[in-house]
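*Asks:*
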């Protein structure tokens, strides 16, 4: 889980977490699962924010969320 800028945990800064995610995605070692129904966690970035920040593309759309992977692969 990644918190939006300004709402992150002190030990998991937003930019550091994004960098780690970007590296894993670029190496093909990770995908992002984004769940649409998690609306009570206001501190999470939106799917659009993650897609733009991490250069993601949709792989699978389901009734409750989306799987995204790096647009570089």
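Residue numbers (our numbering): 24 to 96.
Virtual Cβ for every residue (Gly too), placed ideally from N, Cα, C.
What you are looking at is a predicted structure, and each value in this text was computed from that prediction instead of being measured.
Any idea what DSSP makes of residue 52, helix, strand or coil?
*Replies:* coil
*Asks:* Does DSSP classify residue 90 as helix, strand or coil?
*Replies:* strand
*Asks:* In chain order, what residues of the same chain lie with their CB nearer than 8 Å to the CB of residue 79, ignoring the 5 residues before and after it?
*Replies:* 48, 55, 73, 91, 92, 93 and 94
*Asks:* Helix or strand or just coil, what does DSSP make of residue 67?
*Replies:* coil
*Asks:* Using the Cα positions of residue 38 and residue 76, report the straight-line distance between them to the nearest angstrom.
*Replies:* 10 Å
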